[in-house]
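Take a look at the structure below.
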């Protein structure tokens, strides 16, 4: 584990972190409600903070024009008085910070770290739990699932999409054992898009422009056809030139980290009866950028936005999501159903060495890294509606999935045909000498997962809640590996049957006479991510199967309102035993990579969120602070490429190609593996924090909202090996600003967002490719951006 402590980090940021613990202020607020009604905390920029399940609570004793309200996604009751760590983020908050995708959400919720991995994958981690198996989308799952309008998004490649037509995003922290329990040991992200409405014909058009030739157009239209039938359509086009570029005698100035995205959505909502609604939705997304910047740490260019690469990166991602949401409220129960179909097609090509062969001495490229997936799912639930001593919900999740992956990797020296590279045909039967690796894989998955939730009101103030889910997952894989060295085929299947559960106890400490509303809670629960199968048939120590991940999490917390709902302060602490973390491991046999499991990791931390409003709702200050640590507690040895190559050179048994046939060589390599006990878990910053202040001004002709934000993301380790030279991801900080002017009695609005004001080249992630040349590359956060928007609503 790297030296240092929380105290050292806090000392470096003491001025800012002192403020984080205290204030988070809102400007637009509404009265809280009780019982099973939804409560909403709405701020100047429409940021919400929410929690999860309904409880009966007494009404506030003092009514006030200013109270902080809390809300979450519809059909998911989320109130501040519920014992679960959740942060809800509105579409307006994302716009104010120029957040265009999931990878830009760092700093918006405690414990959340989102990184780009291998150029094209989005790795979401909450409290140190996520996905450490890049380029294995067919056989592994994310540890933090994403749900869109109740649909589980089944492929991590689909997460790399530009946001549009959003209503809110809820970030659940800690294992989700029941409702959102599908592959959710770290938490869940629940995205809600805008629904059609029956009340009026309405719409919105927006045009944005900025530096890097940014151009964004949005259009939304809601049409009530009858009093119980409405249709909503939305469209977005988003482009900008590259934040980075190559410098190459062959490519010239070839842009990277650009955007060329189009997205559309149509939703039809029908309500034939007062208590029944059906919503049919189709969403489409197409992206054709050049590709992500992946800068080799050996690149001689000192400019973080310039790379020495000769092979052009290209991306083609298309997705389609169709879902039918049904909701039927009867007198005693509510029935809900979400039926969905997802289709993903992704093509990636890039320089796998991330460096010119003239500098590195060899080239390593991937002309094809292709993935397709078809996924079908059904989630059905029944829950109680009437107040009773025992509240309940039962549900069933069923999913079927089929995916195909195709990859080719070529490596060699002295190639003179850049930037073009012709891929010959018949690679499986007549592989050329520079074909280092090729693979065709077809994988299927079937999941059946019933769940139940029960809540019991022990007293008016004391409440007990519990739930369980039975997770059955079955994987099968057919794989054909081919290269200049030969072909190999494999067929594997793997299934898991794992129960997960959670128990929560909360106590209401509300004191109306003191204008204090407070709740203490404690919970213990488990989470799960499925195991799967490896495709390598030549591995000597990596198993053909890898185990499912398991986590046991303990949490205590307090959620508080003070000063008649003007000040909110939430605090939680957790401790987790994390077992069988999946990661990509090297094997003594060349190119026999696979997924293995780290037996035991301890995770623990403290999270704080607060909100305060003053000056008649005009001034708002908000902040969050996360302090977390992790430690691998099991004696466990792991190989990476640098260790394997060093062992090849040091052992006489590996001479003359012994790594291909000598058991003595393999034993020598295995014996050289370092013990990672004591290292920190990958992807978990010790410190994360944010602080913002906004003020609503009365100006001639209208109102002006001003907002300034600070975000700090601490350093972390990229891999369990925790090699300081390769795995240290440095900390960064950001300053963002936002202005919005709204004329009086007008539907127009004018806004200006400035992000990363100091233009810091913050390192979003580091990735050491376990395949190919084993090079380490960095991906950066977006540079300074200025975005102006003109919008009209009707």
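In my numbering, the protein residues as written are 1285 to 2078. Built from N, CA and C at the ideal position, the CB exists for glycine as well. Quantities reported herein were computed from a predicted structural model and do not represent experimental measurements.
When burial is assigned at 16 or more other CB atoms within 10 Å of the CB, is residue i buried or exposed?
i, result
"residue 2031", "exposed"
"residue 1763", "buried"
"residue 1615", "exposed"
"residue 2076", "exposed"
"residue 1982", "exposed"
"residue 1448", "buried"
"residue 2055", "buried"
"residue 1948", "exposed"
"residue 1609", "buried"
"residue 1928", "buried"
"residue 1674", "exposed"
Using DSSP with H/G/I as helix, E/B as strand and the rest coil, what is residue i?
i, result
"residue 1950", "helix"
"residue 1732", "strand"
"residue 1761", "strand"
"residue 1863", "strand"
"residue 1909", "strand"
"residue 1939", "helix"
"residue 1542", "coil"
"residue 2038", "strand"
"residue 1642", "helix"
"residue 1449", "coil"
"residue 1508", "strand"
"residue 1379", "helix"
"residue 1819", "coil"
"residue 2067", "coil"
"residue 1315", "With a pLDDT of 31 at residue 1315, under the threshold of 50, the modelled position of that residue is not reliable, and no figure is offered here."
"residue 1479", "coil"
"residue 1958", "coil"
"residue 1769", "coil"
"residue 1871", "coil"
"residue 1915", "strand"
"residue 1441", "helix"
Closest to residue i by CA distance: which of the options is it?
i, options, result
"residue 1874", "1720, 1981, 1408", "1720"
"residue 1865", "1993, 1854, 1915", "1915"
"residue 1389", "1749, 2070, 1995, 2051", "1995"
"residue 1439", "1625, 1572, 1382", "1625"
"residue 1747", "1734, 1770, 1787, 1725", "1787"
"residue 1825", "1647, 1954, 1980", "1954"
"residue 1791", "1378, 1734, 1841", "1841"
"residue 1564", "1726, 1433, 1715", "1433"
"residue 1773", "1722, 1779, 1728, 1793", "1722"
"residue 1502", "1697, 1691, 1548", "1548"
"residue 1672", "1617, 1453, 1645", "1617"
DSSP has residue i in a bridge; who is on the other side?
i, result
"residue 1795", "1800"
"residue 1900", "Bridge partners of residue 1900: none, in fact."
"residue 1844", "1802, 1853"
"residue 1432", "1435, 1475"
"residue 1654", "1631, 1690"
"residue 1786", "1751, 1809"
"residue 1523", "1499, 1544"
"residue 1422", "According to DSSP, residue 1422 bridges with nothing at all."
"residue 1997", "1972, 2016"
"residue 2023", "1990, 2036"
Return the CA-CA distance between residue i and residue j, expressed in angstroms with no decimal places.
i, j, result
"residue 1795", "residue 1789", "19 Å"
"residue 1933", "residue 1939", "8 Å"
"residue 2064", "residue 1767", "33 Å"
"residue 1412", "residue 1464", "18 Å"
"residue 2113", "residue 1753", "Since the first residue of the chain shown is 1285 and the last is 2078, residue 2113 is not available in this structure."
"residue 1885", "residue 1475", "30 Å"
"residue 1853", "residue 1802", "9 Å"
"residue 1680", "residue 1494", "46 Å"
"residue 1341", "residue 1843", "Low local confidence applies: a pLDDT of 35 at residue 1341 is under 50, so the model's placement there is unreliable, with the coordinate-based value given in what follows. Cα to Cα, the separation comes out at about 13 Å."
"residue 1638", "residue 1631", "18 Å"
"residue 1849", "residue 1896", "9 Å"
"residue 1469", "residue 1537", "43 Å"
"residue 1489", "residue 1429", "32 Å"
"residue 1905", "residue 1898", "9 Å"
"residue 1883", "residue 2017", "34 Å"
"residue 2039", "residue 2045", "12 Å"
"residue 1577", "residue 1817", "31 Å"
"residue 2025", "residue 2072", "11 Å"
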